[in-house]
Amino acid sequence: MAKASKKNTIKLKFDSARKLAPAPESKAGAKIDPQYDLFINGKFEKPTSKKYFASINPATEEKLSMIAEANQADVNKAVKAARGAYDKNWKKMPPAERAKYIYRIARMVQERAREFAIIETLDGGKPIRESRDFDVPTAANHFFYYAGWADKLEYAFPNRTTSPLGVAGQIIPWNFPLLMAAWKIAPALACGNTVVLKPAENTSLTALKLAEIIQEADLPPGVVNIITGAGSTGAAIVNHPDVNKIAFTGSTDVGKIIQRAIAGTDKKATLELGGKAANIIFDDAPLDQAVEGVINGIFFNQGHVCCAGSRLYVQESVFKEVVRKLKDRLETLIVGDPMDKNTDIGAINSREQLNIINNYIKIGQKEGAEMYQSSADLPKKGFYCRPTIFTNVAQSNRIAQEEIFGPVLAIQSFRTDDEVIEKANNTPYGLSAGVWTDKGSKIFNLTTKLRAGVIWANTFNKFDPTSPFGGYKESGYGREGGLHGLNTYVNVV
Amino acid sequence: MATTTGNRLEVLKTYKIYIGGQFPRTESGRYYIATNSKKEKLANVCLSSRKDFRDAVGKARGAFGGWSGRAAFNRGQILYRIAEMLEGRKAQFVDELMKQDSTKAQAEKEVSLCIDRLIYYSGWCDKFQQLFSSVNPVASSHFNFSNPEPMGVIATIAPQGDSLLGLVSVIAPIIAGGNTCVALASNTKPLCAVTFAEVLNSSDLPGGVVNILTGKVAELAPFFADHMDVNATVYCESDATTQKMIKEKSALNVKRVVLYDKVKWNDAGGQSPYFIMDLQEIKTTWHPIENIGGAKAGY
Numbered sequence: 000m001a002k003a004s005k006k007n008t009i010k011l012k013f014d015s016a017r018k019l020a021p022a023p024e025s026k027a028g029a030k031i032d033p034q035y036d037l038f039i040n041g042k043f044e045k046p047t048s049k050k051y052f053a054s055i056n057p058a059t060e061e062k063l064s065m066i067a068e069a070n071q072a073d074v075n076k077a078v079k080a081a082r083g084a085y086d087k088n089w090k091k092m093p094p095a096e097r098a099k100y101i102y103r104i105a106r107m108v109q110e111r112a113r114e115f116a117i118i119e120t121l122d123g124g125k126p127i128r129e130s131r132d133f134d135v136p137t138a139a140n141h142f143f144y145y146a147g148w149a150d151k152l153e154y155a156f157p158n159r160t161t162s163p164l165g166v167a168g169q170i171i172p173w174n175f176p177l178l179m180a181a182w183k184i185a186p187a188l189a190c191g192n193t194v195v196l197k198p199a200e201n202t203s204l205t206a207l208k209l210a211e212i213i214q215e216a217d218l219p220p221g222v223v224n225i226i227t228g229a230g231s232t233g234a235a236i237v238n239h240p241d242v243n244k245i246a247f248t249g250s251t252d253v254g255k256i257i258q259r260a261i262a263g264t265d266k267k268a269t270l271e272l273g274g275k276a277a278n279i280i281f282d283d284a285p286l287d288q289a290v291e292g293v294i295n296g297i298f299f300n301q302g303h304v305c306c307a308g309s310r311l312y313v314q315e316s317v318f319k320e321v322v323r324k325l326k327d328r329l330e331t332l333i334v335g336d337p338m339d340k341n342t343d344i345g346a347i348n349s350r351e352q353l354n355i356i357n358n359y360i361k362i363g364q365k366e367g368a369e370m371y372q373s374s375a376d377l378p379k380k381g382f383y384c385r386p387t388i389f390t391n392v393a394q395s396n397r398i399a400q401e402e403i404f405g406p407v408l409a410i411q412s413f414r415t416d417d418e419v420i421e422k423a424n425n426t427p428y429g430l431s432a433g434v435w436t437d438k439g440s441k442i443f444n445l446t447t448k449l450r451a452g453v454i455w456a457n458t459f460n461k462f463d464p465t466s467p468f469g470g471y472k473e474s475g476y477g478r479e480g481g482l483h484g485l486n487t488y489v490n491v492v
Numbered sequence: 000m001a002t003t004t005g006n007r008l009e010v011l012k013t014y015k016i017y018i019g020g021q022f023p024r025t026e027s028g029r030y031y032i033a034t035n036s037k038k039e040k041l042a043n044v045c046l047s048s049r050k051d052f053r054d055a056v057g058k059a060r061g062a063f064g065g066w067s068g069r070a071a072f073n074r075g076q077i078l079y080r081i082a083e084m085l086e087g088r089k090a091q092f093v094d095e096l097m098k099q100d101s102t103k104a105q106a107e108k109e110v111s112l113c114i115d116r117l118i119y120y121s122g123w124c125d126k127f128q129q130l131f132s133s134v135n136p137v138a139s140s141h142f143n144f145s146n147p148e149p150m151g152v153i154a155t156i157a158p159q160g161d162s163l164l165g166l167v168s169v170i171a172p173i174i175a176g177g178n179t180c181v182a183l184a185s186n187t188k189p190l191c192a193v194t195f196a197e198v199l200n201s202s203d204l205p206g207g208v209v210n211i212l213t214g215k216v217a218e219l220a221p222f223f224a225d226h227m228d229v230n231a232t233v234y235c236e237s238d239a240t241t242q243k244m245i246k247e248k249s250a251l252n253v254k255r256v257v258l259y260d261k262v263k264w265n266d267a268g269g270q271s272p273y274f275i276m277d278l279q280e281i282k283t284t285w286h287p288i289e290n291i292g293g294a295k296a297g298y
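As they're listed, the protein sequences go chains R and E. For the first sequence, numbering that gives the first Met the number 0 assigns the number 0 to the initial residue and increments by one for each residue that follows. For the second sequence, numbering that gives the first Met the number 0 assigns the number 0 to the initial residue and increments by one for each residue that follows.
Rendered as structure tokens:
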């Protein structure tokens, strides 16, 4: 057991007798082809570049498949297909018919849910429990929710009418590959746009599986095009003159590049960028519940979450108690094989990301913060990181200011409401925040004064298709989800 | 410039800028001469500097907490008060507009429209939130709602074509929604902007909520776009180079950019709650609903 917890009088013993037998999910339910081509105009096509890159399983470092790399010519083809489908077909289609296509997609994702969950976990390293119970069902629900909006748009904008924008270029990250694809495609289609979507190069597989479903659902060719590749493919989409809208989820740095790139154009944009959410525990909070919320807030999906609660503020009078409870809870987290149904923390998405996280852990120690890591054994192969918390953190420390995108929590203390509001808002980001207290009026004081797009009170990291999501300040603009998610895919006239 | 009426010497007005509820001269000490179309001199006007803009942003940021924290109803009353004050000083504005080349009929129409527009937005202060909010029926056991909140400090380059209407039309929805702002007046027709600041100053509007500068668009626009403590930039002209520059520089802190180059401020399309919503964020709040042991109490 780790040293720090030996000081505690009440010591939980997790180092004995609590070995769970392995409970691996079977890989048999998922078919991964050795090679994937680009999905353009309703067909899978070989890339003009003739190049393919490997997609690996970050839990084992084994190769899963070869993925096509789309170049400028491929992007041109995809945009042309999307434009053609928009002009000839999709914008003219009665909205109720459009809706039925999107409903079909939702149903087919539900039917193949387990297969999607397995592939998501193999490709991205997230625990099967999360991909099975969260990513895939929420993705399906997102299609189902937005399908129903297609023929009801005139009710969404009082005293106005709407028209679609045209071709939407959508670029999504590697942390929730299928779910982000759903967040992007579903509202775009419902509002009458056609789509060129690029998944992140590390996690292309579920988007390509979704392409199979789109084909199977018999969507008119070109309405959805899914092309794979890295940053240069994304840049080609952003800069393509015949794209009317860019929807991007990813880092704030790349978001800013996109904002500059489209400056001289009429392209609209939705940017869902980074975050450094404050999670705030008051002394009157139900502490055990709060600790669970903090754990979920920072360790959900290995901390690869833009809205992760990566800064914890604990009121001084309960600081010691909360930190002790957190350390104890850390010891119970099962780190390891993402395919095991008992796993809490799976593999870090890539070697590159693991290096970034490890570097921040070094920086945190160098800056004088005190580190505590769980004593979990890590698998020999694959990319893993122990859940890590830092105390004795200063507001100016880089681990308290910069997005780490990993299982690393920076903890600080506070005394008064005003102090913690100021500290929480002292960041260029503004995506999310959390508040834990039993006092209702305090909750509303905090939820109204925290400058962030999503505020969780006595809960954290909850998502729903009906619930708008998106940031203030440098966390981006535009909302995804709910009624407010329609706004970014229509012209309101 | 007017000189004498009868045998009394007229007191000329000094046109100053409006920052933090006060009327300083530009810190730069610079000025330019505002003229009418016949090139007759109307006044010496402050040629505001980057430092003036920074000062104004500081004041606007300082005023944001108080202004956004006020009851929406109270904001509505203050906007109404601005309209009242403007109505009372109508003659002065008509006079200034006529100096700046309007006919009497045009001038009267413009001032009346401004007063009515302020009344219109006064009414929206405590209504648009209901229209654009939602309670979201999430599938889990949570109460979840989304509502608009002001973005913060808005840097606004007012429409340059008219002296008063454009300025009022962009400022009113900004402050109705609880934002604070720094506005750059029309360069060629700056007189009414300064006089409007005097109206604001006597309307219970807290200092710093609206700050008005006079000067050159080309000089100041880059700062309106790249200041790190500004949340959004509004630009109302159709100059493509400036539009691009504003969008590019705004990326520095992911500022929102709102372009109003196609709006006709003098008709009904020049006002709507959507102008308020252009400068609002949507905040979503979640809270669990307790459901212990399948309790069946209720109806």
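Beta carbons: idealized from backbone N, C-alpha and C, even for Gly. If you're wondering where the values come from, they're calculated on a predicted model, not measured in any experiment.
Near chain R, meaning a CB-to-CB distance below 9 Å, the residues of the region 248 to 260 of chain E are Lys248, Ser249, Ala250, Leu251, Asn252, Val253, Lys254, Arg255, Val256. For leucine 482 of chain R, the closest Cβ of chain E is nearer than 7 Å. In terms of Cβ geometry, alanine 77 of chain R and asparagine 201 of chain R do not form a close pair [threshold 7 Å]. The DSSP-derived three-state label of glycine 268 of chain E is helix.
The Cβ neighbour count for arginine 350 of chain R, taken over all protein chains shown within 10 Å, is under 16; the residue is labelled exposed. Within 9 Å of the CB of tyrosine 471 of chain R, the CB atoms of chain E belong to Glu148, Met150, Gly151, Asn230, Glu280, Lys282, in sequence order along the chain. Taking 7 Å as the CB threshold, serine 466 of chain R lines the interface with chain E. Beta bridge pairing from DSSP links cysteine 180 of chain E with E:Ile153, E:Val209.
At least 7 Å separates the beta-carbon of isoleucine 66 of chain R from that of serine 48 of chain R. The C-beta of lysine 38 of chain E comes no closer than 7 Å to any C-beta of chain R.
For the C-beta of lysine 243 of chain E, the chain R residues within less than 7 Å are, from N- to C-terminus, Ala262, Gly263. Glutamine 314 of chain R has R:Phe413 as its beta-bridge partners, per DSSP. Look at the region 289 to 308 of chain R: it has no residue with a C-beta under 8 Å from a C-beta of chain E. Two segments are said to touch when three or more pairs of C-beta atoms, one from each, lie closer than 8 Å; by this definition the region 214 to 229 of chain R touches the region 86 to 103 of chain R.
Cβ-Cβ distances below 8 Å link aspartate 265 of chain R to Asn243 in the same chain, with the five nearest sequence neighbours on each side left out; the list follows chain order. Here the alpha carbons of isoleucine 261 of chain R and alanine 246 of chain R stand approximately 12 Å from one another. Within chain E, Glu247, Ala250 have C-beta atoms less than 7 Å from the C-beta of arginine 259 of chain R, given in sequence order.
Here glutamate 44 of chain R is bridged, per DSSP, to R:Leu37.
At the C-beta level, lysine 50 of chain E and asparagine 210 of chain E stay beyond 7 Å of one another.
With at least 16 other beta carbons inside 10 angstroms of its own, isoleucine 280 of chain R counts as buried. Not a single CB atom of chain R sits nearer than 7 Å to the CB of valine 167 of chain E.
For isoleucine 454 of chain R, a Cβ of chain E is located within less than 7 Å of the residue's own Cβ.
Looking at the DSSP output, proline 94 of chain R sits in no beta bridge, so it has no partner there.
Residue pairing from DSSP places threonine 390 of chain R in a beta bridge opposite R:Glu369. Judged by DSSP secondary structure, arginine 259 of chain R falls within the alpha helix (DSSP H) whose first and last residues are 251 to 260. Judged by DSSP secondary structure, lysine 197 of chain R falls within the beta strand (DSSP E) whose first and last residues are 193 to 197. DSSP places threonine 248 of chain R inside the beta strand (DSSP E), whose first and last residues are 244 to 248.
Taking the Cα of valine 253 of chain R as reference, the smallest distance to any Cα among R:Gly475, R:Glu24, R:Ile442, R:Leu188 is reached at R:Gly475. Put simply, the CB of histidine 286 of chain E is near chain R, with a gap under 7 Å to one of its CB atoms. Taking C-beta atoms under 8 Å as the contact rule, proline 147 of chain E and serine 132 of chain E qualify, at a distance of about 7 Å. For serine 133 of chain E, the three-state secondary structure derived from DSSP is strand. Closer than 7 Å to the CB of valine 216 of chain E there is not a single CB belonging to chain R. Contacts with chain E at 7 Å (Cβ-Cβ) do not include arginine 128 of chain R. Counted as a single uninterrupted DSSP element, the alpha helix (DSSP H) harbouring serine 111 of chain E occupies residues 103 to 123.
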